[in-house]
Every structure is written in C-alpha cells, then in structure tokens.
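Enquirer: Below is a structure I'd like to ask you about.
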Amino acid sequence: MATTPDPAPGEGPVRPVSVSLHEGTIAALKARTGKRGMSAYVEALIQRQLERDRLRELIEDAESEHGPVDQAAVEAKRALLRGDTAGSADAA
C-alpha cells in the first residue's frame, strides 16, 4: 500500500492547535489582524520562519562543502543590485 507524503507547509487540511502566547503579544496581534485574521497571520509567520530556517540550513550545507562566503564578493553583488556601481570594477 502506497503512503502519501506529509503535506508541505501551507498545504493540507486546516486544524486547530493550541499555543501559549504572552498577553501583550495577543493584544498586539488582535490589534493588527482583528480576531478573525489571527490564524492566517500566524500561519504566514510560521511559514516564513520555516523558509528562513530551511534557507539557513542550505547556507550552512553550502558553506561546509565550499567554504565561507567571500564578503567582498557579496558586497560587490549588492552594489550591482542597488545600481551603485560607482567605484566598482564592473562600472562602465
């Protein structure tokens, strides 16, 4: 008999769970989302954190295989993305 894989984050049926939060956090959450938007907001936050955790794992795996990232190269690429190529070797 074939088994189905576990659903990915954001997939599968919705079901209630219980979490404990500080009262101040709950008040801020309600103020931002209203009572009926809390679940969707928390779901999105958790999905985003899971993505960040996975990205961190991928970076750690790549660094263990290829060594640490060259920060000067990262800054040069950031400058290109910002359009700030003045002073860059890539400037025309």
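Take 13 as the starting number for the sequence shown in our numbering and just add one per residue. Idealized CB from N, CA, C, for every residue including glycine. Every value quoted in this text rests on a predicted model; they were computed, and no experiment measured them.
(1) Taking the C-alpha atoms as reference points, what is the distance between I58 and G95?
(2) How about L62 and P21: are their beta carbons less than 8 Å apart?
(3) If you compare alpha carbons, which of A88, E55, S32 and R66 is closest to G24?
(4) Checking 8 Å against the spacing of the C-beta atoms, do Y53 and L67 come in under that value?
(5) Could you tell me the boundaries of the alpha helix (DSSP H) in which L29 lies?
Expert: Let me spell this out:
(1) Residue mapping note: residue 58 aligns to position 46 of the sequence shown, counting from 1. Residue mapping note: residue 95 aligns to position 83 of the sequence shown, counting from 1. Spanning the two alpha carbons is a distance of roughly 33 Å.
(2) Here residue 62 corresponds to residue number 50 of the sequence shown, with the count starting at 1. Here residue 21 corresponds to residue number 9 of the sequence shown, with the count starting at 1. Yes, these two residues count as a Cβ contact at 8 Å.
(3) Here residue 24 is taken as the residue at index 12 of the sequence shown, counted from 1. If we check each option's Cα against that of G24, E55 comes out closest.
(4) Walking along the sequence shown from the start, residue 53 turns up at place 41. Walking along the sequence shown from the start, residue 67 turns up at place 55. Taking 8 Å as the Cβ cut-off, Y53 and L67 do not qualify as a contacting pair.
(5) Here residue 29 refers to the residue found at position 17 when the sequence shown is read from its first residue. For clarity, residue 29 is Val in the given sequence; the question names Leu instead. Element bounds for V29: n/a, residue is neither H nor E.
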